[in-house]
Amino acid sequence: MVDLTAYTPHFPVEGETVLGSNLRIGPGGKGNNQATAAARAGGNVKMIARMGKDVLGNVITEHYKNEGLSTEYITVSDSTDTGCALIEVDEQSGQNRIIVMKNANNEITKAHVHGAESEFADCDIFLTQLETSIESVSAGIHLAKKYGKTVILNPAPFQDIPDDLFSHIDYITPNETEAEFFTGIPVKTQADAQKAADALIKKGVKNVVITLGKLGAFYTNGTTSLLVAPPTVKAVDTTGAGDAFNGGLAVALAEGADIESALKFANATAAISVTNKGAATAAPKRKETEMLVTEFYK
1345 MVDLTAYTPH FPVEGETVLG SNLRIGPGGK GNNQATAAAR AGGNVKMIAR MGKDVLGNVI
1405 TEHYKNEGLS TEYITVSDST DTGCALIEVD EQSGQNRIIV MKNANNEITK AHVHGAESEF
1465 ADCDIFLTQL ETSIESVSAG IHLAKKYGKT VILNPAPFQD IPDDLFSHID YITPNETEAE
1525 FFTGIPVKTQ ADAQKAADAL IKKGVKNVVI TLGKLGAFYT NGTTSLLVAP PTVKAVDTTG
1585 AGDAFNGGLA VALAEGADIE SALKFANATA AISVTNKGAA TAAPKRKETE MLVTEFYK
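Residue numbering for the sequence shown follows our numbering, beginning at 1345 and increasing consecutively.
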């Protein structure tokens, strides 16, 4: 995915034209953001993706070259464009509004996923989200389980998924809105998060992590529950914060961290990302994250 991000003094209301201050065009997309965050956090990352032959595809290939990320499993579509996101960022709060066009991402098939089967056999974690075809998400989850690997699903952008997938998910990582979509339970407080998480556990998920913004990350496995507060930072751009969180979480779990330590590392990864503009390029390097973990959680 490629992000087209406009920075504005305030979000326009219906019918209003607002003069923005800046436009940034850069690498984005939930999968790419998470892959970049995981790689910068120290992970050895392989990504399955698809793009078009249009000019936006050049943004992606250049990013992968700069980050040293593998392009072995990135295929090119002859029939549609590279996926993109139109993003508005409020300069006062750092909050964002996003419209996503999947485009080539929606063409990723089971065959594309199975083309990377050797990577599933060799990996520690399979991390996925819902910005590609449901066929590819389902294929990846089932292939990961074939080899006994840990599956993390970040269920965003939220949409219906087959009920039988929930029992194959080791960690699901919704935010408040996504948790409500999958459970019907509005999430405003820690108590609400507990109820929604319990509902997801009943669906078959083994571990639930609900990100609660400034409150932090709530975790439960149905027996043990905890809330890990995030470091306090000045947000410049919250685009991709959840993706940075997921990339950090995946690396920490892959390295054998206990859940509390993994959530601290993920929180710190996300916290640093919001102090920078952009999405994929806002993710911190591992040393930065480790320093913040030591400083805030001492």
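Note that beta-carbon positions come from the ideal geometry of N, C-alpha and C, so glycine has one too.
_Using DSSP's beta-bridge definition, name the partner residues of ASN1440._
According to DSSP, which records beta bridges pairwise, ASN1440 is partnered with VAL1433.
*Starting from the C-beta of ILE1616, find all residues in its chain whose C-beta is less than 7 Å away, skip the five residues before and the five after it, and write them out in chain order.*
If we look at ILE1616 and ignore the five residues flanking it on each side, its Cβ neighbours are PRO1628, GLU1632, THR1633, LEU1636.
*So, using beta-carbon positions, are LEU1474 and PRO1506 closer together than 8 Å?*
No, they are not a contact pair.
*In its own chain, which residues sit with a C-beta less than 6 Å from the C-beta of ALA1588, not counting the 5 before and 5 after it?*
ALA1381, THR1613, ALA1614, SER1617, ALA1627, listed in sequence order.
_Within a Cβ cutoff of 6 Å, which residues of the same chain sit near LEU1593, ignoring the five residues on either side of it in sequence?_
Answer for LEU1593: ALA1606, ALA1610, listed in chain order.
*Quick one: which unbroken beta strand (DSSP E) runs of 3-plus residues sit fully inside the region 1515-1596? Chain order, please.*
Along the region 1515-1596, the beta strand (DSSP E) occurs as fully enclosed runs of 3 or more residues at 1551-1555, 1561-1564, 1569-1572, listed in sequence order.
*Count the CB pairs spanning the region 1556-1576 and the region 1455-1469 that are closer than 8 Å, and state whether there are at least three.*
Contact check between the region 1556-1576 and the region 1455-1469: fewer than three CB pairs, one atom from each, fall below 8 Å, which does not count as touching.
_Three-state secondary structure assigned by DSSP to GLN1503_ = Shown here, GLN1503 sits in coil according to DSSP, grouped into three states, outside any helix or strand.
*Give the DSSP-derived three-state secondary structure of GLY1396 in the structure shown.*
Reduced to three states, the DSSP call for GLY1396 is coil.
*Mind the definition here: the region 1382-1393 touches the region 1351-1369 only if three or more C-beta pairs lie below 8 Å; say whether that holds.*
Judged by pairs of C-beta atoms under 8 Å, the region 1382-1393 does not touch the region 1351-1369, as fewer than three such pairs exist.
*Applying the criterion that 16 or more other CB atoms from any shown protein chain within 10 Å of the CB defines a buried residue, is VAL1399 buried or exposed?*
VAL1399 comes out exposed.
*Among the residues of its own chain, which have a CB less than 7 Å from the CB of LEU1570, if the five just before and after it don't count?*
Within the same chain, LEU1570 has close Cβ partners TYR1563, GLU1604.
_Cβ shell of PHE1502 (< 6 Å), same chain only, five flanking positions each side left out_ = Hits under 6 Å: GLU1522, PHE1525.
*In or out: ILE1404 buried (at least 16 other Cβ within 10 Å) or exposed?*
ILE1404 sits buried, since 16 or more C-beta atoms from the chains shown fall within 10 Å of its C-beta.
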